[in-house]
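Visitor:
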Amino acid sequence: MFRKHLTALSVSAAALGIAAAPAVAQDFSGVTIDILTRPGYVIAGRLAERGKEFEEMTGAKVVVTEVPFAEIFPKIQNDWATGTNSIDVGVFAAGWGVELDAAGLLEDLDPYVAADDKIDLDDIAPYFREFGQKVGGKTKLLMVDGDFQMVYYRTDVLGAAGLEPPKTWEEYLDVASKIHGQDMNGDGEADYGSCIFKKRNAQSYFAIQTFAAPIVQTQGTAQGFHFDNSTMAPLVNNAGWKKAFELYKATGEFGPPEELNMDIGDTRALFKAGRCGLIVEWGDPGTLQLDEDASAIKGKMFAISAIGSTEVLDRETGELVPVTTENAPYSVDGINYSPFAAFGGWAGAINKKADQATKDASYAFLSYMNQAAQSGVDVTIGATGYNPYRISQLASTDLWVEAGMPQELADNYLGAINAAIDNLNMSSDMKIPGAQQYTAVVLDTQLARYLADEITVDEALANIEEGWEEITEDFGRDEQVAAQGLALGN
Amino acid sequence: MTTYSTNHQPGLSPAGVTRRARWGEWLDRHSGTFFIAPCATLILIFAIFPTIYSIFFAVSRVRFTGDGLKFRYVGFRNFSKQFFGSSEVHFLGRTDPVSLFGYAVFAAIVVVVLVWLWRSRKITTWVGMIGRTISAAMAIFLSWILCASLLSGNSIGTLYTTLFYVIVGCSLQFVIGTGLAFLCSQPISGKNFFRVIFFIPLMITPLGVGYAMRMVADVTKGPFEPLLTLLGLSDWVWSVDAWSARFVMMVGDSWQWIPFIFICMLAALENIPRDHVEAAQVDGASSIQIFREITWPQVLPVAVTVLLIRMIEAFKIVDLPNIMTGGGPGSATESMTLHSMYIWRANDLGSSAAIAYLLLILTVVVCASFFNYVVLGQLRKAKA
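Line by line, the protein sequences give chains A and B. If you read the first sequence in the numbering used here, its first letter stands for residue 0, the second for the next number, and so on. If you read the second sequence in the numbering used here, its first letter stands for residue 3, the second for the next number, and so on.
Structure, rendered in structure tokens:
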């Protein structure tokens, strides 16, 4: 059923494209594009399917190689820096492009974009266009996905309990505690108030940043919430991050017993089975609940663009203070919100050392993926892992309702994403050289040790501060200050 | 005076020996070198050279650039941060506060080690003394970390998690493997069937074992779920408790490696001359006496050698914790190899190489000590 649905949408889109103008006009016969990305159907599957269409149109063969999530970046960096060059295109987190570009490994896409009349960059939401696709003011990547981390709640479960959706993390805990243990899918088993992927070496380090952002960042996106931007002194060993760590850990009381060993695949299986009342996730649950195996929650998981905080960090004292319009100018009703652009979205970049014919074909393929005719279909299918990033995808619910999403859910889903994108205090993912080490190694390890009661929260934060300082020293403080300025648009 | 030329003369070769024969003789003399040359070359290329080259990584900050790898010398910083920097707790575990019990045990161990070292000066050469001093220093260091972390109620780091897999895991595997081998060496029906069954896990790839164990150990959907429910342990989750996670990891590792011990020990047991055993039986020796006085002394050299090989392998454990828990909960199941791999995956090649060297030093000292003081001792005893 799902495949038929997918095929029908694809055919429709292709037909529309053909009726208007060919999406790709060039002939790339004899060219092979080797793409590296994450494993499974999510992200990679759609690249392969679109690759076949692209091959039929242009003659270029698209080969998609999948590696574990944690190995994508080092494999690409190794391959391109050591001159192996077995990979032509990497599809990875937009934020990782900064480190690759600093090493001179990314092809400048501006000349290609200038000659491309199909891509319509103005239709891409400003954050993804300016911060996701560009590095140092030049287009170095093309998005295939747009990412924000949001909170989703079960409308039926909260409604039955007479509860309102949470606005702060304290309310999140309160709601989770009241619905925890209820049977949410009618199978006679007690289900969970909150489900968050907390496994180490997976994606837990993104979720903790979603908790920390509204407590630490108050002055708009350019302020950031990881470092003092002028010195790159870590901004982590303070009461703000401490509170985030404690709140994050507290959610475990209302989660599955094996939550510490659950990655995002595990929690997705749980919420699709109707076993979670609240979840922290990217945009995927909006469309995943339309899948056949998610009948228990279809149309019932609504999104909240951001959970806020009534207390924010006073950066001078390192202590928490109540939110006011002075210390948090973007706050609403005494609550500071900061939607976190976790991961930044999946984007494709081209190896600078690939031969010109391959680079031309690679750009044409990434452009084909990015164009509204294709991406407008792909983002409506939950299994692809692609979330909306074009204005045309976010401006109207028509596309989504046609794809099978109930009108009420479509209104909520697009409303939440638009609210996140439009929030002037939206927080950006780390986009500086070494971002992987700062977050995926140091932050992730210390967070996991704290969650497992190996160390205290104070020890965890002190270790992170020390670890981040070591990385900054390794990369060069001045270089990192400059990179952070570019990343945050200062 | 008559002159003559020695050109084109047979020279010093025996009369009648041709150039071809001399070439063959020369080849014969050097055949050992020729036979071993390909192997030595391969080892140089794939083992020695990378080991030496990685020293540059261990003392450098490595950057990836469009022009290749750029090395910046940082001295021993990659090593020192494992002991004094941000990775200290991760690597060594928490070593503060130290309990009185911890201090007492440490003091006792230090005294024993120093007495052993003092007595060694009479029975060994100066080269042997250097080796024993290194062993003693390692023993005192490891004892301190053990006493300050585990024995003081603190968490252990990747160093002792690795040693847990090596010491506890190998001991368990050795006892069970040897026991199974002993059973299968007895005249029981169906022993060939059991030999095959016991050997199968060794033929499965470690990744496969990891995924299989993950499914088997799943407390909500795994095969033991009904049993856990029956025992009232339906809420118990092994993966969120440090020691139960390490224990499950050890069970998985043992499942795979017991067959190795089993097959080696079975071969040793079946090579014991039957007439020795039969003579003892004729003399009225009990089964326990036969095992203790005849069987065990004869298989002891094989046993300690097998244990040594298994220990070396156990130091490198990486697949199971990576697949089953990702090193978690926290870093409870993370071995030093996995620690190195995770850092390598973030392209911090310098720190990764430093941890790999620390593991190499640990493995060499522990295994060389085991070989010198246990294996050789047992071999000498067996000869005597």
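Glycine included, C-beta positions come from ideal geometry on N, C-alpha and C.
What residues from the segment 213-238 of chain B come within 9 angstroms of chain A, judged by C-beta to C-beta, listed N to C?
Guide: Those residues of the segment 213-238 of chain B that come within reach of chain A (Cβ to Cβ, closer than 9 angstroms) are Asp220, Val221, Thr222, Asp237, Trp238.
Visitor: Using a Cβ cut-off of 8 angstroms (strictly closer), state whether B/Leu71 contacts chain A.
Guide: Locating residue 71 of chain B in the second sequence gives position 69, where the first residue counts as 1. B/Leu71 counts as touching chain A.
Visitor: Cα-Cα, which of B/Val168, B/Tyr162, B/Arg74 is closest to B/Ser256?
Guide: Your numbering for residue 256 of chain B matches position 254 in the second sequence. The option with the nearest alpha carbon to B/Ser256 is B/Val168.
Visitor: Counting only the same chain and skipping the five closest in sequence on each side, list residues whose C-beta sits under 8 angstroms from that of A/Val10.
Guide: Here residue 10 of chain A refers to the residue found at position 11 when the first sequence is read from its first residue. Any reading at A/Val10 must be qualified, since the residue scores a pLDDT of 42, below 50, and its modelled position is unreliable; the value itself is stated next. Taken in chain order, the list of residues that qualify is empty.
Visitor: Closer than 7 angstroms by beta-carbon distance: list the chain A residues that pair up with B/Tyr344, in chain order.
Guide: For this step, residue 344 of chain B is matched to residue 342 along the second sequence. What B/Tyr344 touches in chain A: Asn200, Val440.
Visitor: Unbroken beta strand (DSSP E) runs of length 3 or more, entirely within the segment 153-196 of chain A: which are they?
Guide: Listed in chain order, they are 191-194.
Visitor: Hey, how far is the Cα of A/Asp410 from the Cα of B/Thr164?
Guide: Counting from 1 along the first sequence, the entry for residue 410 of chain A is found at position 411. Counting from 1 along the second sequence, the entry for residue 164 of chain B is found at position 162. Their backbone Cα atoms lie some 53 angstroms apart in a straight line.
Visitor: Which residues does DSSP pair with A/Asp227 in a beta bridge?
Guide: If you number the first sequence from 1, residue 227 of chain A lands on position 228. Partner(s): A/Ala232.
Visitor: Among residues of its own chain, excluding the 5 on either side of A/Ala402, which ones have a beta-carbon nearer than 6 angstroms to its beta-carbon?
Guide: Here the question's residue 402 of chain A lines up with position 403 in the first sequence. Closer than 6 angstroms at the Cβ level, and outside the excluded window around A/Ala402, lie Thr379.
Visitor: Report the neighbours of A/Gly158 on chain B: residues whose CB is nearer than 8 angstroms to its CB, in chain order.
Guide: The sequence position of residue 158 of chain A within the first sequence is 159, counting from 1. Going along chain B, no residue has its Cβ under 8 angstroms from A/Gly158, so there is no contact; the nearest lies around 28 angstroms.
Visitor: Does the CB of A/Lys358 have a neighbour CB from chain B at under 8 angstroms?
Guide: Here residue 358 of chain A refers to the residue found at position 359 when the first sequence is read from its first residue. With 8 angstroms as the cut-off, A/Lys358 does not count as an interface residue toward chain B.
Visitor: With 16 other CB atoms within 10 Å as the buried threshold, where does A/Gln483 fall?
Guide: For the purposes of this step, residue 483 of chain A is taken as the residue at position 484 of the first sequence. Result: buried.
Visitor: Take A/Val491 as the anchor and find which of A/Asp87, A/Tyr40, A/Val41, A/Thr83 has the nearest alpha-carbon.
Guide: Outside the displayed span of chain A (0 to 489) sits residue 491 of chain A, for which this structure offers no information.
Visitor: Determine, for A/Lys351, whether the minimum Cβ-Cβ distance to residues of chain B falls below 8 angstroms.
Guide: Along the first sequence, read from residue 1 onward, the residue named residue 351 of chain A stands at position 352. Yes - at least one Cβ of chain B is within 8 angstroms of the one on A/Lys351.
Visitor: By the DSSP assignment, the alpha helix (DSSP H) with B/Trp298 in it spans what residues?
Guide: Along the second sequence, read from residue 1 onward, the residue named residue 298 of chain B stands at position 296. That run of the alpha helix (DSSP H) goes 298-316.
Visitor: Of all the CB atoms in chain B, is at least one closer than 8 angstroms to the CB of A/Ala14?
Guide: The residue you call residue 14 of chain A lines up with position 15 of the first sequence. Caution is warranted here: a pLDDT of 42 is assigned to A/Ala14, below 50, making its placement in the model unreliable, and no coordinate value can be reported.
Visitor: Verify whether the separation of the beta carbon atoms of B/Leu310 and B/Phe372 is less than 8 angstroms.
Guide: Numbered from its first residue, the second sequence carries residue 310 of chain B at position 308. Numbered from its first residue, the second sequence carries residue 372 of chain B at position 370. For B/Leu310 and B/Phe372, yes; Cβs fall inside 8 angstroms.
Visitor: According to DSSP, is A/Glu65 helix, strand or coil?
Guide: Residue 65 of chain A sits at position 66 when you count from the first residue of the first sequence. Note: A/Glu65 maps to strand in three-state DSSP.
Visitor: Could you work out which residues of chain B lie near A/Ala451, taking near to mean beta carbons separated by less than 7 angstroms?
Guide: Indexing the first sequence from 1 puts residue 451 of chain A at position 452. Neighbours of A/Ala451 on chain B, chain order: Ala244, Gly330, Pro331, Gly332, Ala334.
Visitor: Take every Cβ of the segment 313-333 of chain B, pair it with every Cβ of the segment 442-453 of chain A, and state whether three or more of those distances are shorter than 8 angstroms.
Guide: Output reads yes: the segment 442-453 of chain A touches the segment 313-333 of chain B.
Visitor: Taking A/Asp313 as part of the beta strand (DSSP E), name the residues at either end of that continuous run.
Guide: Translated into the one-based positions of the first sequence, residue 313 of chain A becomes position 314. Taken as a continuous stretch (DSSP letters only), the beta strand (DSSP E) holding A/Asp313 covers 310-313.
Visitor: Just to confirm, does B/Leu161 get its C-beta within under 7 angstroms of one of the non-hydrogen atoms of the ligand FMN?
Guide: What this structure holds is no ligand at all, so the ligand FMN is not there to describe.
Visitor: Let's test the definition: count the other Cβ atoms within 10 Å of the Cβ of B/Leu46 and tell me whether it reaches 16, buried, or not, exposed.
Guide: Locating residue 46 of chain B in the second sequence gives position 44, where the first residue counts as 1. Label assigned to B/Leu46: exposed.
Visitor: So the candidates are A/Thr220, A/Phe244, A/Arg389, A/Ala268; which of them puts its Cα closest to the Cα of A/Asp290?
Guide: By 1-based counting over the first sequence, the position of residue 290 of chain A is 291. When only C-alpha atoms are compared, the closest one is A/Ala268.
Visitor: A/Gly381 by DSSP, collapsed to three states: which one?
Guide: Residue mapping note: residue 381 of chain A aligns to position 382 of the first sequence, counting from 1. Helix.
Visitor: Who are the near neighbours of B/Tyr105 in its chain, counting only those whose CB is closer than 8 angstroms to its CB and skipping five residues on each side?
Guide: Within the second sequence, the letter at position 103 stands for residue 105 of chain B. Around B/Tyr105: Cys149.
Visitor: Could you check whether the Cβ of A/Gln436 sits closer than 8 angstroms to any Cβ belonging to chain B?
Guide: By one-based count along the first sequence, residue 436 of chain A stands at place 437. Output row for A/Gln436: interface = yes.
Visitor: Are the segment 305-319 of chain B and the segment 53-63 of chain B touching, with three or more C-beta to C-beta distances below 8 angstroms?
Guide: Segments in contact, no.
Visitor: Please list the terminal residues of the continuous beta strand (DSSP E) segment that includes A/Thr36.
Guide: Numbered from 1 along the first sequence, position 37 holds the residue referred to as residue 36 of chain A. Unbroken beta strand (DSSP E) run through A/Thr36: 31-36.
Visitor: Helix, strand or coil: which one does DSSP assign to B/Val221?
Guide: As a position in the second sequence, residue 221 of chain B is number 219, starting the count at 1. DSSP places B/Val221 in coil when its eight states are reduced to three.
Visitor: Please classify B/Met313 as buried or exposed, where buried requires at least 16 neighbouring CB atoms within 10 angstroms.
Guide: Counted from its first residue, the second sequence places residue 313 of chain B at position 311. Buried: at least 16 other Cβ atoms inside 10 Å.
Visitor: What's the call for B/Leu182, buried or exposed, on a 16-neighbour Cβ count within 10 Å?
Guide: Taking the first residue of the second sequence as position 1, residue 182 of chain B is located at position 180. Buried, since its Cβ has 16 or more Cβ neighbours within 10 Å.
Visitor: Just grab the DSSP bridge partners of A/Gly89 for me.
Guide: In the first sequence, residue 89 of chain A corresponds to position 90, counting from 1. The partner list for A/Gly89 (beta bridge, DSSP) reads A/Leu35, A/Ala348.
Visitor: Run through the DSSP bridge pairs and tell me what B/Phe66 is partnered with.
Guide: Counting from 1 along the second sequence, the entry for residue 66 of chain B is found at position 64. Looking at the DSSP assignment, B/Phe66 forms a beta bridge with B/Leu71.
Visitor: By DSSP, does A/Asn335 sit in helix, in strand, or in coil?
Guide: As a working note, residue 335 of chain A is residue 336 in the first sequence. Correct three-state label for A/Asn335: strand.
Visitor: Decide if B/Lys72 is buried, meaning its Cβ has at least 16 other Cβ atoms within 10 Å, or exposed.
Guide: Within the second sequence, numbered from 1, the residue matching residue 72 of chain B stands at position 70. The residue is exposed, with fewer than 16 neighbouring Cβ atoms inside 10 Å.
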